[in-house]
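This report concerns only the one structure given below.
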C-alpha cells in the first residue's frame with residue numbers, strides 16, 4: 610500500500626521535473642521571476658554567512674601567512690626600489706602618451722566606463738560550472754550581458770540578474786565564448802573556455818587567420834566586433850599558437866590575467882555594448 | 012523501520028533547516044577555502060542519507076527540495092537538478108528496508124555510486140549535448156575528485172544525520 614503510494618509520488622515528481630524543464634526552456638521569463646522571488650530571501654542570508662566565513666578564513670590565513678609575508682616583504686622591498694626607478698621612466702612616457710591622446714581627441718576608453726564594485730557571495734561548487742553570484746542586482750543598475758572585470762582584466766559576463774543579485778558566468782566556463790583580437794595587429798579570434806584547460810590556468814583561442822601575425826605573448830583584448838563585450842578589455846596573453854592540421858587557420862592558448870581561483874571582488878561595467886553602439 | 016512522523020511541523024522544520032544550512036555552507040563557505048579544488052556535495056549526501064534512513068517517500072521529498080534549491084540558485088533551464096536529486100532520494104529509499112543501520116560501509120558505497128550517477132548525469136545533460144566528448148578527462152579530473160571528496164565528507168555527515176535520526180526516534 611505504502612509502496613504503491615510512493616511509486617505514484619515518484620512518477621508525479623518525474624513528470625513535474627520534465628514539465629518544468631520544458632516550460633522554463635520555452636518561457637525563461639517565468640523561471641526568472643520564480644528565482645527572483647526566491648533570491649530576495651536567500652541573498653541576505655548568503656551575504657551574512659559569506660561575511661562570517663570570510664572572517665574565519667581570513668583569521669586562519671593571517672597566522673599562516675605571517676611568516677611567508679615577512680619573507681616576501683624583503684624580496685618586495687628590493688623589487689620596489691627597481692620598480693620605482695622604472696616607474697619614473699614610464700611616467701614620463703605616460704605624460705607623453707596623454708598629450709598625444711589629447712591631440713588626437715581620444716581618451717582612455719577603459720577608464721571611461723562607469724563601473725560598480727560587487728562582492729562574490731556564492732559560487733557553484735560543482736567543478737562542472739564556473740559560475741558565481743554577486744551581491745548587486747537590478748536595484749543597483751546591473752543588467753544581463755554587462756561585462757564583469759577583475760582588478761586585472763576581463764572576468765565574465767552577467768547571464769541573469771535579480772533584484773538584489775546577479776549571476777556571472779566567468780570566461781573560463783565551458784560554455785563561454787568571447788570574440789577577441791590581438792591588441793597590436795587587431796587580428797580577430799575567439800576565446801573559448803574549456804573545462805579541460807582551466808586547471809592549468811588557460812583558455813583556448815581559435816579561429817585565427819592562417820596569415821595572422823600573432824605570436825606568443827601577444828596581448829589579447831576583447832574585440833570591437835563582439836556583440837556583448839565592450840572593446841579593448843584585456844583578457845590575457847597568447848601562448849602556444851600553432852597552425853591547425855587543416856593548414857587553414859591557427860589556434861592556441863591564452864593565459865588569462867585574472868586569477869579565477871581567488872575572486873572575491875569584481876567590477877561590473879554598467880554600460881552595455883548595445884548602448885554604446887546606439888550612442889555612436 | 013521507523014518512518015518520520017508525518018504532520019509534526021517541528022520535525023519538518025528541523026529537516027528543512029538542516030538542508031538550508033548545508034546549502035549555504037556549500038555555496039558560500041566552501042568557495043572561500045583556498046585549497047579546496049574540488050568540493051563535496053553536501054546536498055547529495057543529505058538526500059541519499061535521508062532516503063536510506065527514512066524510506067522512499069522522505070528520500071523523494073528531500074531530494075526534490077535539494078534539487079529545487081540548486082535549480083533556484085543558478086541560471087539555465089529549471090528542473091534538471093530537481094529530477095536527479097529526486098531520483099537519487101527515491102532510489103536510495105528503496106534500499107531502506109534491506110540495510111543494516113549501524114554500519115558505515117553501506118552509506119560509503121552508496122556515496123560512491125550516487126556520486127558517479129550524479130556526475131554522469133551532469134555530463135550527459137550539460138556537456139554531451141554540446142558535443143563535448145572528452146569523457147576520460149572529465150572522469151579523471153572532475154568526477155573522481157568530486158566523488159572522493161564527497162565520500163570522505165559522507166563519513167562525517169552521515170554519522171551526524173544518523174545520530175540525529177536516533178535521538179529523534181526516541
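Residue numbers (our numbering), protein chains in the order written: chain L, 610 to 889; chain F, 12 to 181. We put the CB at the ideal spot given by N, CA and C, even for glycine.
Query raised in the report: In angstroms, rounded to a whole number, what distance separates the CA positions of residue 108 of chain F and residue 767 of chain L?
Result: 47 Å
Report task. Within its chain, find whatever has a CB closer than 8 Å to the CB of residue 63 of chain F; leave out the 5 residues flanking it on each side and keep chain order. Result -> 70, 103, 104, 106, 107, 110, 117, 118, 121
**Report entry** Residue range of the beta strand (DSSP E) that includes residue 865 of chain L
**Finding:** 858-865
Report task. Decide if residue 717 of chain L is buried, meaning its Cβ has at least 16 other Cβ atoms within 10 Å, or exposed. Result -> Model confidence at residue 717 of chain L stands at a pLDDT of 49, short of 50, so the residue's coordinates are unreliable; what they give is reported in the following sentence. Exposed: under 16 other Cβ atoms inside 10 Å.
Query raised in the report: Would DSSP call residue 811 of chain L helix, strand or coil?
Result: coil
Query raised in the report: Counting only beta-carbon atoms, is residue 642 of chain L nearer than 9 Å to chain F?
Result: no
Query raised in the report: Applying a beta-carbon distance threshold of less than 9 Å, which residues of chain L neighbour residue 62 of chain F?
Result: Going along chain L, no residue has its Cβ under 9 Å from residue 62 of chain F, so there is no contact; the nearest lies around 11 Å.
**Report entry** Below-9 Å beta-carbon distance, residue 614 of chain L vs any chain F residue
**Finding:** yes
**Report entry** Backbone CA spacing between residue 759 of chain L and residue 876 of chain L [nearest angstrom]
**Finding:** 6 Å
Requested in this report: Use the C-beta contact count for residue 726 of chain L: other C-beta atoms within 10 angstroms, 16 or more gives buried, fewer gives exposed.
Outcome: exposed
Query raised in the report: Would you say residue 65 of chain F reaches chain B, if we count a Cβ-Cβ gap shorter than 9 Å as a contact?
Result: The question asks about chain B, but that chain is absent: this structure's protein chains are L and F.
Report task. Measure the C-alpha to C-alpha separation of residue 641 of chain L and residue 648 of chain L and round it to an integer number of angstroms. Result -> 10 Å
Query - Runs of alpha helix (DSSP H) wholly within the region 91-175 of chain F (minimum 4 residues, chain order) - result: 91-104, 116-133, 146-149
Query raised in the report: Mapping DSSP to helix, strand and coil, what is residue 873 of chain L?
Result: coil
**Report entry** Sufficient close CB pairs (3 or more, under 8 Å) joining the region 138-147 of chain F to the region 165-179 of chain F
**Finding:** no
Requested in this report: For the beta strand (DSSP E) holding residue 44 of chain F, just list the boundary residues, first then last.
Outcome: Residue 44 of chain F -> no beta strand (DSSP E), and no H or E assigned at all.
**Report entry** Inter-residue spacing [alpha-carbon to alpha-carbon] between residue 741 of chain L and residue 49 of chain F
**Finding:** 15 Å
Requested in this report: List the residues of chain F whose Cβ lies closer than 8 Å to the Cβ of residue 757 of chain L, in chain order.
Outcome: Chain F residues near residue 757 of chain L: none, gap ~14 Å exceeds 8 Å.
Query raised in the report: At a CB-CB cut-off below 8 Å, which residues of chain F make contact with residue 633 of chain L?
Result: 88, 89, 90
Query - Range of the contiguous beta strand (DSSP E) that encloses residue 846 of chain L - result: 843-852
Query raised in the report: With 9 Å set as the bound, which would you pick, yes or no: does the beta-carbon of residue 647 of chain L sit closer than that to a beta-carbon of chain F?
Result: yes
**Report entry** Status (buried if at least 16 other CB within 10 Å, exposed otherwise) for residue 147 of chain F
**Finding:** exposed
Query raised in the report: With respect to the beta strand (DSSP E) encompassing residue 67 of chain F, which residues constitute its N-terminal and C-terminal limits?
Result: Counting along the chain, residue 67 of chain F falls outside any beta strand (DSSP E), though it belongs to the alpha helix (DSSP H) covering 67-84.
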